[in-house]
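**Student:** Residue numbers (mature numbering (1 follows the signal peptide of the UniProt record, and there is no 0)): -20 to -1, 1 to 342.
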Amino acid sequence: MKRAAALAALLVIAVVASFAAQKPGSDAPTPSVTNQGPRGLAVLKTWLTESGVATSEVDGAIPEDAGGTLVLAAPSGREFTADEVQALRRFVEAGGTLVYLVPRAAPQPELNHWLTVVDGRIAPLNTLEGVDDVGGSTVKVALPVGPLQSLRAFRVSAERGIQLTAPDALEVAEYGALWWRAMGRGQVWLGAGPDLAENARLELADNARFWQRLPAPVRFEEGHHHAAATATPVNLLVTMLQLTFLAALFVWANAIRMGAARDPLPEAGASTMQYVRAMAALTQNAKVEGELVKQLKLDFRRFLNERLGIPTTWPWQQAATEAARRLSVSAEEVLQLESDTALLAVSQRIAKLERASTARRR
């Protein structure tokens, strides 16, 4: 019962921890404007709003109206379809600004193909004086175009950057941290991962100033952070069946049995010979076998004195001759008792002589 209660408590703790990981302020890695943790974008949206920049969230169809900025912050919940990419193309060519922060863990094939995104170089790991940013890297602005004028550097993660193979694409920050590309009447900014927008790095270097200079209103695309509903995978079903079987086996092994009680299994007792061997081993280990042999021989001489009148002071030769005369045994057999040193042999020989004495009296 205690084991079942402990398992239930652990299950409840796991469920609570799972829900807590999805709440704002947790360490959830999703770069969403609802995530107030270090990897979220809640601070960016709040800061832009308080700075007078109109912001909103897009959780449906891609807006195709011209103007403003649309942010795709490392969308990794589900992939963009070809139709959605075409909608983004129309938005940009009509004069919109698209900021695509390329996800590192879950690539977007359609988006990356349209914008010619491939893997780039790795930014070197370095520290920022007075700032505790473990695993960060400071990259310099290489080409101050548009809103990058007067900006000097960005603080990003020391991970692999991106590269654009299109001939009209410009690398505007070191190590592929940020790229710019004109398209129609609009423009596209591409960053490696969500580093530029994360809550933990927004106030470092010139990250915040970059976002403040983008065309308003700024809209954050949130729909692709949520995974699309899918059928339960086969491996999950197999795992659930295994857990169900183990639970049933646990109940069967520990539950109260119904019906008539089983007959108790007979317990075989130890034989007399086992007790004798055990006593002999105990005697030998205790190193008292020699003393017991001497005492048995002395007791046998007393027995001869009491039963046959043979004095204990007689030598063994004389006592053996007299015992052989009165008993149906040989003198050599009695004399052999004097030379025996093994406890078992002495005991057996004395028992035989005592039986002969008893038979004589009858």
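Beta carbons: idealized from backbone N, C-alpha and C, even for Gly.
1. Enumerated in chain order, which unbroken segments of the beta strand (DSSP E) with a length of 3 residues or greater are wholly contained in the stretch 131 to 155?
2. Of all the options 275, 25, 45 and 273, which has the alpha carbon lying nearest to the alpha carbon of residue 36?
3. With DSSP as the reference, label residue 328 as helix, strand or coil.
4. Can you tell me where the beta strand (DSSP E) holding residue 99 begins and where it ends?
5. Taking its Cβ as the centre, do 16 or more other Cβ atoms sit within 10 Å of residue 88, making it buried, or is it exposed?
6. Which residues share a DSSP beta bridge with residue 117?
7. At what residues does the beta strand (DSSP E) containing residue 289 begin and finish?
8. If you draw a straight line from the alpha carbon of residue 105 to that of residue 68, how long is it in whole angstroms?
9. Determine, using beta-carbon pairs with one atom in the stretch 164 to 173 and one in the stretch 83 to 99, whether at least three such pairs fall under 8 Å.
10. Taking the straight line between their C-alpha atoms, what separation do you get for residue 128 and residue 63?
11. Mind checking whether residue 21 and residue 200 have CB atoms under 8 Å apart?
12. Since residue 136 and residue 103 are thought to touch, with beta carbons under 8 Å apart, how far apart are those beta carbons, to the nearest angstrom?
13. Residue range of the alpha helix (DSSP H) that residue 71 falls in?
14. Please give the ranges of any alpha helix (DSSP H) in the stretch 269 to 323, keeping only runs that are unbroken, at least 4 residues long and fully inside the region.
15. Taking DSSP's pairing of strands, which residues face residue 170 in a bridge?
16. Compare the Cα-Cα distances from residue 47 to each of 59, 138, 65 and 74 and report the closest residue.
17. Between residue 134 and residue 54, is the Cβ-Cβ spacing less than 8 Å?
18. Give every residue of the same chain whose Cβ lies closer than 8 Å to the Cβ of residue 33, excluding the five residues on either side of it in the sequence, and list them in chain order.
19. Flag this pair as touching only if the stretch 263 to 280 and the stretch 297 to 309 have three or more C-beta atom pairs under 8 Å; answer yes or no.
20. State yes or no: is the C-beta of residue 144 within less than 8 Å of the C-beta of residue 95?
21. Less than 8 Å separating the beta-carbons of residue 378 and residue 57?
22. Taking only the alpha-carbon atoms, compute the straight-line gap between residue 153 and residue 40 and give it to the nearest angstrom.
23. Determine the direct distance from the alpha carbon of residue 19 to that of residue 202, and round the result to whole angstroms.
24. Identify which residue in 226, 70 and 295 has its Cα closest to the Cα of residue 44.
25. Could you give the residue range of the alpha helix (DSSP H) that holds residue 189?
26. What is the residue span of the beta strand (DSSP E) that residue 14 lies within?
**Tutor:** Considering the structure as presented:
1. 133 to 137 and 140 to 144
2. 25
3. helix
4. 97 to 102
5. buried
6. 136
7. That residue, residue 289, is in no beta strand (DSSP E); it is neither H nor E in DSSP.
8. 34 Å
9. yes
10. 32 Å
11. yes
12. 6 Å
13. 62 to 73
14. 269 to 288, 296 to 306 and 311 to 319
15. 80 and 159
16. 74
17. no
18. 192, 196, 197 and 198
19. no
20. yes
21. This structure gives no information on residue 378, because the portion of the chain shown stretches from -20 to 342.
22. 32 Å
23. 15 Å
24. 70
25. 187 to 192
26. Counting along the chain, residue 14 falls outside any beta strand (DSSP E), and DSSP gives it neither H nor E.
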